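So the protein lines, in turn, are chains A and B. Residue 230 in my numbering sits at position 230 of the first sequence; the count goes up by one each step and never skips. Residue 81 in my numbering sits at position 81 of the second sequence; the count goes up by one each step and never skips.
2 protein chains.
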Amino acid sequence: MAVIGSDRGLLYGDGVFRTFRRGSSGIWDREAQYALLAKDCAALAIEPPAQAELDGAIASASAACAYPEQVIRVTVTRGIGPRGYRPPVGVQPSLYVSAGPAPELRAWDAGYTLRVCELRLGYQPRLAGTKHLNRLENVLARAEWDDPAIDDGVLLGQSGEVVESTMGNLFWHSGDTVFTPALNRAGVSGRQRARILDALRREGANVVIGHFSLGSLTTAAEVWVCNSVIGLRAVTSIDGRAFPAGSVAQRLASSLFCDWQPQQR
Amino acid sequence: MAVIGSDRGLLYGDGVFRTFRRGSSGIWDREAQYALLAKDCAALAIEPPAQAELDGAIASASAACAYPEQVIRVTVTRGIGPRGYRPPVGVQPSLYVSAGPAPELRAWDAGYTLRVCELRLGYQPRLAGTKHLNRLENVLARAEWDDPAIDDGVLLGQSGEVVESTMGNLFWHSGDTVFTPALNRAGVSGRQRARILDALRREGANVVIGHFSLGSLTTAAEVWVCNSVIGLRAVTSIDGRAFPAGSVAQRLASSLFCDWQPQQR
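What follows is the structure, encoded as structure tokens:
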């Protein structure tokens with residue numbers, strides 16, 4: 001058996017990953033992304049890779065990729081250990097970095113279509129927020145549709161509350177309030193979610209983080225989704241219900257993602 | 001990046017595994033174990049390996065292992081596909097087989113010490129029962145203790161009900177009834193659990209499968225644990241509370257696991 005078959009990342013999903021975009025000027029938000037990866041590692045008591053090691057592995061993977069705009073995925077696992085769930089002590093974590101072509105960056109208001117997934121996320125407070133390798137729920141949810149016109153799916157928690165999308169974090173705006181789901185029971189805490197929350201707080205916006213029903217989302221004035229590959233995108237449809245690309249998302253796109261926009265805009 | 005880093009087993013835990021014991025006369029309960037692996041694959045819509053392929057891979061791994069009594073782990077992943085949660089269509093599943101030394105088989109009543117884990121299992125009905133690769137909960141639970149005198153940990157569900165142990169399934173006997181947890185929300189449905197349930201039903205025992213409190217377990221007359229590596233073992237202690245090795249477990253050990261016992265008995 002190849003050594004890799006002994007990696008606890010494969011055996012148990014015992015590790016974490018982050019995915020980010022690399023343009024001609026490097027990785028967007030690199031230091032914060034590394035910090036988030038280190039935080040994820042800490043949640044599983046895995047030693048994070050040193051910055052120099054990470055830089056080197058990313059540079060190698062990136063150089064081997066022919067595309068100028070890249071998606072970089074960094075995976076850190078607990079490493080190789082003896083059989084059994086017990087985390088081995090003193091083993092070297094494994095680092096896997098891949099680089100592939102990034103999806104084309106589209107304008108924040110270019111349209112983004114969601115459906116609501118049937119699969120409901122389970123609750124595990126010990127893992128919530130962390131981007132760990134146990135992602136079968138996302139795989140099963142993403143397997144629910146084939147229609148290429150649907151960009152992403154809304155994931156609800158076991159109680160029916162909105163948690164995230166399969167690939168990103170969700171925000172919506174109703175009245176004078178911006179809503180985004182709490183990620184203390186399920187979901188992944190993304191870097192762009194944190195940036196958007198910081199920006200909203202700086203401008204004194206009324207932001208509520210909590211557990212909200214699907215109705216709260218689908219009756220919103222505007223909805224947007226974010227992740228570190230596509231940036232911020234206004235959601236224009238959820239299960240056929242239309243939403244306008246609104247002023248709050250536009251303001252955030254301008255202030256936080258202006259250099260993420262396609263150049264022709 | 002090595003090809004393995006692209007395996008969805010590593011990327012997302014997108015796969016299943018089973019672990020079993022191989023003695024001088026081959027794999028115990030081989031056909032049923034293969035059937036269970038195929039059932040797990042079906043739960044994730046992964047094509048199971050053909051029996052000949054599985055036999056060959058196990059024979060190779062086994063031959064490369066110097067120990068006569070072996071633990072065989074068979075891992076099947078969805079295979080290698082493009083980036084993203086969406087399960088690729090038409091890809092070849094990956095098969096990883098490892099063989100290592102089996103723990104010494106001990107008598108059913110040789111003593112088995114449990115503790116109750118703090119981590120509580122989340123509920124995911126779509127995955128419950130299946131031995132998939134998303135096993136971080138088991139890893140975190142097993143990380144709770146270092147004491148080598150503790151053999152295994154009791155895992156409770158989010159509501160505090162007994163689900164399983166970190167490495168096996170649990171049964172207990174109170175009055176005239178045998179109890180074992182339902183695995184429709186969390187937990188792994190093991191082959192030996194099924195064998196024991198079949199045997200109990202054949203003998204007309206009063207068996208209840210459901211969601212039971214920790215108190216139901218800790219006030220039982222006898223408790224036993226089972227898996228396909230250690231067979232059946234009477235639990236003699238849970239968090240310091242002593243249990244006798246009782247007559248029901250003895251009867252099951254004699255009828256189902258007689259050829260699993262150490263030869264000196």
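All C-beta atoms in this analysis are idealised placements derived from N, C-alpha and C, irrespective of residue type, glycine included. Predicted model only: the values in this text are computed from it and were never measured.
Among the options, nearest to residue i - alpha-carbon criterion
i               : options                           : result
H211 of chain B : B:P244, B:W172 and B:N227         : B:W172
R142 of chain B : A:F243, A:R83 and A:A61           : A:R83
N134 of chain A : A:Y96, A:A186 and A:I238          : A:A186
S216 of chain B : B:R120, B:T177 and B:C117         : B:T177
S25 of chain B  : B:S62, B:N184 and B:D198          : B:S62
Y12 of chain A  : B:E137, B:A242 and B:G160         : B:E137
A253 of chain B : B:A234, B:V74, B:R241 and B:D239  : B:A234
Q250 of chain A : A:S228, A:I230 and A:E222         : A:E222
L183 of chain A : A:G157, A:G204, A:R201 and A:D198 : A:G157
Y85 of chain A  : A:W224, A:P68, A:V163 and A:L10   : A:L10
S165 of chain B : B:N206, B:V139, B:D147 and B:L200 : B:V139
G231 of chain A : A:S94, A:R191 and A:A57           : A:R191
S94 of chain B  : B:L105, B:V207 and B:V76          : B:V76
G160 of chain A : A:D146, A:K131 and A:E118         : A:E118
S174 of chain B : B:L127, B:A32, B:R195 and B:V248  : B:V248
G240 of chain A : A:C65, A:A149, A:R202 and A:L36   : A:A149
V16 of chain A  : A:E31, A:W28, A:I46 and A:D29     : A:I46
D40 of chain B  : B:A128, B:A57 and B:T113          : B:A128
F179 of chain A : A:W28, A:G100, A:G90 and A:S213   : A:S213
E53 of chain B  : B:G90, B:R201 and B:Y96           : B:Y96
Q258 of chain A : A:P49, A:I72, A:Q33 and A:A107    : Residue identity differs from the one stated: residue 258 of chain A is Cys in this sequence, not Gln. With distances taken between Cα atoms, C258 of chain A lies closest to A:A107.
Buried versus exposed, by CB contacts within 10 Å (16 or more), residue i
i               : result
Q264 of chain B : In this prediction, Q264 of chain B has a pLDDT of 39, which is less than 50 and means its spatial position is unreliable; what the coordinates show is noted afterwards. By the neighbour-count rule (16 or more Cβ atoms within 10 Å), Q264 of chain B is not buried but exposed.
P88 of chain B  : exposed
P103 of chain A : exposed
P244 of chain A : exposed
L152 of chain B : Note that residue 152 of chain B corresponds to Asp in the displayed sequence, not to Leu. Counting Cβ neighbours within 10 Å, D152 of chain B comes out buried, since at least 16 surround it.
V3 of chain A   : The predicted model places V3 of chain A with a pLDDT of 46, which falls under 50 and marks its position as unreliable; any figure quoted below should be read in that light. Exposed is the call here.
V154 of chain A : buried
Q92 of chain A  : exposed
T19 of chain B  : buried
D147 of chain B : exposed
Q124 of chain B : buried
Q51 of chain A  : exposed
S98 of chain B  : buried
V208 of chain B : exposed
S255 of chain A : exposed
G79 of chain A  : buried
N269 of chain B : Any question about residue 269 of chain B goes unanswered here, given that chain B covers just 1 to 265.
A220 of chain B : buried
P49 of chain A  : buried
D198 of chain B : exposed
Residue i - DSSP class collapsed to helix/strand/coil
i               : result
S94 of chain B  : strand
Q124 of chain B : coil
T77 of chain A  : strand
D55 of chain B  : helix
S216 of chain B : helix
R241 of chain B : strand
I27 of chain B  : strand
E137 of chain B : helix
S165 of chain A : strand
V16 of chain B  : strand
R233 of chain B : strand
L114 of chain A : strand
A99 of chain A  : strand
C65 of chain B  : coil
R191 of chain A : helix
I209 of chain A : strand
I72 of chain A  : strand
A224 of chain B : Here the sequence assigns Trp to residue 224 of chain B, which means Ala is not the residue at that position. Here W224 of chain B sits in strand by DSSP.
L289 of chain A : With chain A running from 1 to 265 in the structure shown, residue 289 of chain A is simply not present.
Residue i: first and last residue of the uninterrupted beta strand (DSSP E) it sits in
i               : result
A35 of chain A  : Unbroken run through A35 of chain A is the alpha helix (DSSP H), R30 to A43; no beta strand (DSSP E).
D152 of chain B : D152 to G157
L170 of chain A : N169 to S174
P87 of chain B  : P87 of chain B -> no beta strand (DSSP E), and no H or E assigned at all.
Bounding residues of the alpha helix (DSSP H) (the contiguous stretch that carries residue i)
i               : result
G9 of chain B   : R8 to Y12
V296 of chain A : Nothing in the structure corresponds to residue 296 of chain A, since chain A is present only between 1 and 265.
Distance cut-off 6 Å: residue i Cβ against heavy atoms of the ligand NAD
i              : result
Y67 of chain B : This structure lacks the ligand NAD, and indeed carries no ligand of any kind.
Residues of the stretch 149-163 of chain B whose Cβ lies closer than 7 Å to any Cβ of chain A, in chain order: Q158
Which residues, in chain order, does the stretch 116-149 of chain B contribute to contact with chain A at a C-beta distance below 7 Å? Per Cβ criterion, the list reads L119, G122, Y123, Q124, R126, L127, H132, L133, N134, R135, L136, E137, N138, V139, L140, R142 and A143.
So if I threshold CB-CB distances at 7 Å, which residues from the stretch 94-108 of chain B count as touching chain A? Of all residues in the stretch 94-108 of chain B, those with a C-beta nearer than 7 Å to a C-beta of chain A are Y96, V97, S98 and G100, reading in chain order.
Chain A contacts made by the stretch 59-78 of chain B, where a contact means CB separation under 9 Å: S60, A61, A64, V71, R73, T75, T77 and R78
Pull out every residue of the stretch 8-24 of chain B whose Cβ sits closer than 9 Å to any Cβ of chain A, in chain order. R8, G9, L10, L11, Y12, G13, D14, G15, F17 and T19
Relative to chain A, which residues along the stretch 212-240 of chain B have a C-beta separation below 9 Å, given in chain order? Taking 9 Å as the Cβ-Cβ cut-off, the stretch 212-240 of chain B has no residue approaching chain A.
Short-range partners of chain A found in the stretch 186-200 of chain B, where Cβ spacing is below 7 Å: none
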